[in-house]
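Reading the sequence shown from the start, the letters are residues 19 to 158 in our numbering.
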Amino acid sequence: MTSSLRATPIPEKRDYHFQATDKQYKRQFARRGMRKNFNSREMKAILNDPMDSSVIRGVQVPKAKINRFVRRQRLKRPKDKTQAHLGKETVPATELEVAIPEDLSSHSPPLPHGEIFSAPRDCKLMLKTLIRTTLSFPMA
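Structure (C-alpha cells):
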C-alpha cells in the first residue's frame, strides 16, 4: 500500500476492521467521486472565472499549480476577464500572416491557345498542360 493511502483515514478500517488492498481503496474513492488531481476542464474554469476564486471541490488550488498548468498547456491568460471564451484561444489575424521572402517566385504554366481556366471543367486540361510542360523542362 502506498504511503498516501496509509495516511488517509478510512472509516471502514477504523470502524469495521476492514483491511482492503490499494485497488479496492482506489475503486471506492472513484465511486465516491474523490480525486487527487484536477482535470483540464476544472483548471480552465479557474482561469476563466471572473471572481478569481481558485477553489475546486472545496480545495484551494495553489497559484503555482495554476501557473504550471498555463505553461504546460501553452495558454495565455486574457488581460481582460471578459475576453475569456471557455479556455479557447483566439489568435489575431495579423499573427497568422506569413511573410513571403522577396527572392521566392512561383510560375504557373500557361494554358494552350491562351485559354482561360475555369474550374472544374478545365481541371483535366490544366493537369495535362502541367504534366506536358513539366516533362519538357530538362531534368537536372
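Ideal Cβ placement from N, Cα and C applies to all residues, glycine included.
### Task
Rounded to whole angstroms, what's the CA-CA distance from I84 to M61? Just pull it up for me.
7 Å
Open item on the list: Between the alpha carbons of G105 and D67, how many angstroms are there, rounded?
Closed with: For G105, the predicted structure reports a pLDDT of 49, less than 50, and the residue's modelled location is therefore unreliable. The matter cannot be settled from this model.
* Asked: Alpha carbon to alpha carbon, how far is S58 from P80?
  -> 15 Å
Compute the Euclidean distance between the alpha carbons of F87 and G76, then round it to the nearest angstrom.
19 Å
| With a CB to CB cut of under 6 Å and the five nearest residues on each side skipped, what residues in its chain are close to S72? | I64 and V79
Taking just the CA atoms, how far does K54 sit from Y43? 13 Å
Margin query: Given 7 Å as the limit, tell me if T39 has its C-beta closer than that to any heavy atom belonging to the ligand ADP.
Written below: As for the ligand ADP, it is missing from this structure, which has no ligand bound.
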